[in-house]
Amino acid sequence: MSATLIAALAGGLAPATAASAAPAAPTATTGPKAPAAPAPDMDGVTAALNSAMVNGAPGAMARFTGPGGVLTRTAGVRDRVSGEAMDTRARFRIGSVSKTFSSVVLLQLVDEGRLELDAPVNRYLPGLLPDDRITIRHLLTHRSGLADYTEAMFAKTVPGFEAVRNRVFTYQELVDLSLAEPRTTEPGVAYKYSNANFVVVGMLIEKATGTPVAKQYERRIIKPLQLRHTSYVHPETQIKGRHVRGYLHPDEEGAPLVDSTEQTASWAQSAGAVISDPADLNTFTTALMRGRLLSPRMLDAMTTVTPTDATQTRFYGLGLRRYDLSCGTQVYGHTGTVQGFYTYAFATRDGRRALSAMANTSNRGAANTALGGSLEAAFCGKKTAPAASSAKAQRTLSSLPAEADLPERR
């Protein structure tokens, strides 16, 4: 552990560093003036990052964009060996935030008439799935009933990871792993998160376009938005340029962290193998919400959500999560977990405010939950009065265990 991090922990976690860009130009409005959004509570964001560190992350960072400009916070280190401080200009593996990239590409293909949302998957990939009732919409909403093969793959976290760290899977092999497990629900009946759904989404994209998913990400998202630090390098193992190193917690208490930075991420592919940085993620989520990537029809479909649990605070659309915060603000985006990295990338529905946050660890659910507290702080601002006594007000995201994109053993 670096001297910087040791000093921070010994001193009660000193405030994280901050950087600010010039304010954005004001936007003209028409009609009645909307209530001003609360100023982000960057002290609260700092507290969330520090809490992620207390719960096992070597470092964490967040980048907020809004009408007032750009605000960043960092804590801890991005490399435990060199002691280099966390840096919001560094790339990292974004895990299941990749699912939103895949959804955007697929929904563009729907708009182009190459696919139909409510058509059976087997119309386009004959014989792939054992149930003709499973539609493309079921995949995007995690209501297909396809089992998540990562449950068995990572039943033992570190041995499971090391077994696939350098392996290159075909899509078909991953689908076969899913089909070897019992189905979790009848098609369309219930939400059950499964990485297998977005493996099939990748297959659909490649079948409809005749090109690899990587080329479609590049042509439809990365180049139009000029995401200079976003890439899909599968099956290469390295993150090029300045990057954060990821650290995986073993299942055994007290066991040393495992550097999980280099891997093919082939077990995830179109479900979770994209690499990015905070600025690019802010650009992506705001552009998506502002309608730069999808037609109004497709964006409306994407943001039409159903609950993922009984809290009435967490919902899922088409490859997109919605979180309802304690202040009434709704934010859209996705969480991400890949070995060594937790990510949050969310924006308001008007695209005027966005937050991306990352902690460089995984298999440590408390760190993931703590990092999620950055959303409340960034979008709701400082709490000026005690929370309301209603049940929903008590179930803030900060008080709920984080939703798991991969099996969590600790």
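Using the working numbering, the letters of the sequence shown map in sequence onto residues 58 to 467. C-beta atoms are modelled at their ideal positions from N, C-alpha and C, and glycine is treated no differently.
Contact between the region 158 to 168 and the region 403 to 412 is absent: fewer than three C-beta pairs spanning the two stretches fall below 8 Å. By the criterion of a C-beta distance shorter than 6 Å, valine 162 is surrounded in its chain by Ile262, Gln273 and Arg277, once the five residues flanking it on both sides are discounted. Nearest Cα to glycine 393 within the set Ala209, Ala114, Met415 and Gly438: Met415. When only Cα atoms are considered, tyrosine 248 and serine 139 end up about 43 Å apart.
Cβ contact annotation for leucine 314 (same chain, cutoff 6 Å, sequence separation greater than five): Tyr304, in chain order. If you ignore the 5 residues before and after asparagine 252, its C-beta comes within less than 6 Å of the C-beta of Asp205, Thr207 and Ala328, all in its own chain and listed in chain order. Between the beta-carbon of alanine 119 and that of serine 333 there is about 14 Å, and that puts the pair past the 8 Å contact cut.
Boundaries of the beta strand (DSSP E) around serine 413: 411 to 416. In the DSSP annotation of this structure, the continuous segment of the beta strand (DSSP E) that includes glycine 133 starts and ends at 126 to 133. Judged by DSSP in its simplified three-state form, alanine 404 adopts strand.
Judged by pairs of C-beta atoms under 8 Å, the region 100 to 114 does not touch the region 282 to 301, as fewer than three such pairs exist. Residue Tyr389 holds the alpha-carbon nearest to the alpha-carbon of alanine 344 among Pro95, Asp175, Thr214 and Tyr389.
In this structure the region 229 to 244 lies against the region 197 to 204, because at least three pairs of beta carbons, one per stretch, are closer than 8 Å. If you draw a straight line from the Cα of alanine 209 to the Cα of aspartate 462, it comes to about 14 Å.
Here glutamine 165 has Arg277, Leu350, Leu351 and Met355 as same chain residues with Cβ atoms under 8 Å from its own Cβ, once five neighbours each way along the sequence are excluded. Short of 8 Å from the beta carbon of proline 239, and not among the five residues preceding or following it, lie these beta carbons of its own chain, in chain order: Ala204. Per DSSP, reduced to three states, the secondary structure at isoleucine 332 is strand. The Cβ neighbour count for asparagine 223, taken over all protein chains shown within 10 Å, is under 16; the residue is labelled exposed. Secondary-structure assignment with DSSP links proline 353 through no beta bridge to anything. Valine 221 is a Cβ neighbour of tryptophan 324, given a cutoff of 8 Å. Within the DSSP secondary-structure output, threonine 394 pairs in a beta bridge with Tyr399.
The Cβ-Cβ distance between leucine 282 and phenylalanine 341 falls below 8 Å. Between threonine 192 and tyrosine 373, the C-beta gap is not smaller than 8 Å, which leaves the two residues out of contact.
Per the DSSP secondary-structure output, arginine 378 pairs in a beta bridge with Tyr373 and Gly390.
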